[in-house]
Structure formats: structure tokens, C-alpha cells
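Trainee:
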Amino acid sequence: MGNVNQLRILSSVNPDWQGAREAAQVGIDNFNVTAGDDPLPSVSFSITPDTVIENEPGAAFTGTFTVDGNIPTVTFDADGNYVSGGLSVFLDAKEIFELARQFDLFIETDLTIGSSEPAASQPNLFEFILFEETSDITITIFDDIVEEEPFTYNFELLEDQVGSDYIVNPDANTGSFVLEDGLPGGPGVGPDVGVSVTESELFEGEEFTVNFTVTGEAADIPSEENPLTVLVTSDTPASLGEFALFDENGTPLFSTEGIVGVPTPGDLLGSAFFVDLIAPTASLTLEVFEDGPGEGLETINFALANGEVYEVDPDNAGVTLTI
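The sequence shown: position 4 = 67 (my numbering), numbered continuously.
See the structure below:
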């Protein structure tokens, strides 16, 4: 700034220097404006640990967001609930449908899950609103009964989708982890389980029965003292909504034999269910939900998932229903 001060002095004694002084002052003003502009925050992302063992206590993975730069001030209400502010970022969970069958709980640390239009319209896209320079989302893994090969889940931090003004660190924008069963399952472990139906071509309001059979060593046959939990899955999201399962009071509309308790959801997509078998032959009788005309012909495939403690009968591995 010494040169500018010299121009001020010179212009006071020589009017010819006035133009130079004005030009220098414009430079100062422009400098002040530019210096006040904050650069866009840079966001990084990582996953830990590299491997998650499903049957270990506390099985979970953590996604960590790190911000280098300013985060808009966050506002909370009197109860501590998020109101506004923070930095909105977007994460692509590439294997979201597989992950939906595995995760149990979300644990948020210094962030919350957003609901902007891009995230709401794409099932694999998640919006997170970050409160601090370091924010975490931890997802616990459900210890299921399914025998699975090691599977890799991949995540990518995306460029801004709604104009919240951030840039992605190109050297730290992805993360992944491998999920392993951690049990010595494999071919030949446990009894063989099969599934079949009394009718495969159905109309709305029509009743049909799902039958289960279990064969194998006597010690492996399910009983009241030794129930066997099996999982039935579908390749159609919300497929269980096609059937009348409960009334408005939560009372079951189906009947069972050789099954203890009530079948329970097997995923968050409404397309899978668990049943606890207590006999070598068991059945589940239910009706197709009658929701009126207009849907057209529907085809739904159901299959037994290969279990950690049971095998699937290859001749009765699944059923196809036409409604």
C-alpha cells in the first residue's frame, strides 16, 4: 500500500496526479470486495472400516464427510431439531437395493438427512446436511440368516445437485466396504427347504396356500423346541402389498400351520418375509388383496433365500404368481 500513499501525497501538490490517485483507489476498492468473497467449501468423503463381519457384535460402517471451508450457520428449534442452514451434499449409494436388505439403524452425528427433490426422486441418491467440519453417518448391519458371498458396497460423493455451493475433493470422493457373513455356511449345511403353492394363477380376492417342506437329518428337522427361520424374497418391490395380510386393527387375515408366530418383514422394500417353521411340513394360507380394476396382469416371483443353516431344495426353490 506504500505506492498508493505516495500517490495521495503527490496528487495533493500536483493536480496531474489526481487521475492516478483515483485509479489506485478503485484498485483498493476492488481488492476489498474480492478479498471478502469466501471460496466454495471443498467436501471429502470416506468409509471405515474396509471390511464388516455381519455376525460380529456392533457390526457397522461409517461414512465420514470432511469440509474444508465455511459451513452456513445451522439453526435448531427449542427441542434441538434441525430447522435450517448447514451444507447440503449428495451421496450416491450405488448398491442401494442390496444395502436395503442389510442395514438396521442410521446413527447421525453432526448431520441430518435431507429431502430435496433430487434425493426424493432417485432411490440411490441421499442428501445429507452437514453441521460441522467433520460429520458422520453410521449404519449398523442386520445379522440376517442368509448365506452370502462377500459383497462390496460402493459410495460416491456427487457434485452439488441443488445449488448449495460446494466442490468435491477429487482425491477423496469415494468409499467402499466389503460385507462378509462370518459364518462357516456352505453347500450341504443344514436341511433342505422347499416352497410351493396350491395355485399360481390367481384373481383378486382369491385364496391360496404357500407350502413349506423340510427334509434332512432328524436333528435338523424343525420342531417347537428347534424352530427353523427361513426367508422368502421377491424381485418386485412392495410385492407383499398384493396380499391381504392384516385388517385395520392389525389382526392377521391369514392362517398358518406348522409355523410359530406371525411372519415378519424381511426387508424395508415390502418384498420379503421371514417364517419360523416348527414342523417338516408347514403352510401359510392367504388371499390376494382386492384393490379394484385397472392394474392389469401382474407377475411376481418369490424364492427361498439360501440360508446360513439351511439349503434350498433346487426342485422347489421358488414360485411364480400371476395375478
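Every residue gets a Cβ at the ideal spot worked out from N, C-alpha and C, and that includes glycine.
1) Pop quiz: V277 and G370 are said to be a contact at Cβ under 8 Å. What is the actual Cβ separation, rounded to whole angstroms?
2) Can you list, in chain order, the residues of its chain with a C-beta nearer than 7 Å to that of N133? Leave out the 5 residues immediately preceding and following it.
3) If you measure between the beta carbons of Y216 and L162, is that distance less than 8 Å?
4) Looking only at its chain, what residues have a beta carbon closer than 7 Å to the beta carbon of S334, apart from the 5 residues adjacent to it on each side?
5) Quick test of your reading: G253 and Y373, contact by CB under 8 Å. State the CB separation rounded to the nearest angstrom.
6) Taking A235 and S109 to be in contact with their CB atoms under 8 Å, please state how far apart those CB atoms are, rounded to whole angstroms.
7) Given that a residue counts as buried once 16 or more other Cβ atoms are within 10 Å of its Cβ, and exposed if not, what is I200?
8) Just to confirm before moving on: does the CB-CB distance between I192 and G177 stay below 8 Å?
9) Taking the alpha-carbon positions, what's the P181 to S259 distance?
10) Along the chain, where does the beta strand (DSSP E) that runs through F191 open and close?
11) Note down, in chain order, each residue of its chain lying with its Cβ closer than 8 Å to the Cβ of A380, except the 5 sequence neighbours on either side.
12) Could you tell me which residues DSSP puts in a beta bridge with A183?
13) Just confirm the distance between the C-beta atoms of L220 and V106, as a whole number of angstroms; I'd bet it's less than 8 Å.
14) Rounded to a whole number of angstroms, what is the C-alpha to C-alpha distance between E119 and E280?
15) For V225 and E243, what's the separation of their Cα atoms in angstroms?
16) Indicate the three-state DSSP secondary structure (helix, strand or coil) for N312 in the structure shown.
17) I'd like to know whether the C-beta atoms of F240 and F124 end up nearer to each other than 8 Å.
18) Could I get the ranges of all uninterrupted beta strand (DSSP E) runs contained in the segment 99 to 150, with 3 residues as the minimum, in chain order?
Mentor: So, from the data block:
1) Contact flag wrong, Cβ pair sits at about 11 Å.
2) D101, P104
3) yes
4) T296, S297, T299, P300, A301, S302, L303
5) Right, their Cβ atoms sit about 4 Å apart.
6) 6 Å
7) buried
8) Yes, the pair counts as a contact, with Cβ atoms nearer than the cut-off.
9) 41 Å
10) 188 to 193
11) G257, V258, A366, L367
12) Answer is none; A183 lacks a bridge partner.
13) 6 Å
14) 29 Å
15) 36 Å
16) coil
17) yes
18) 105 to 111, 114 to 116, 123 to 131, 145 to 147
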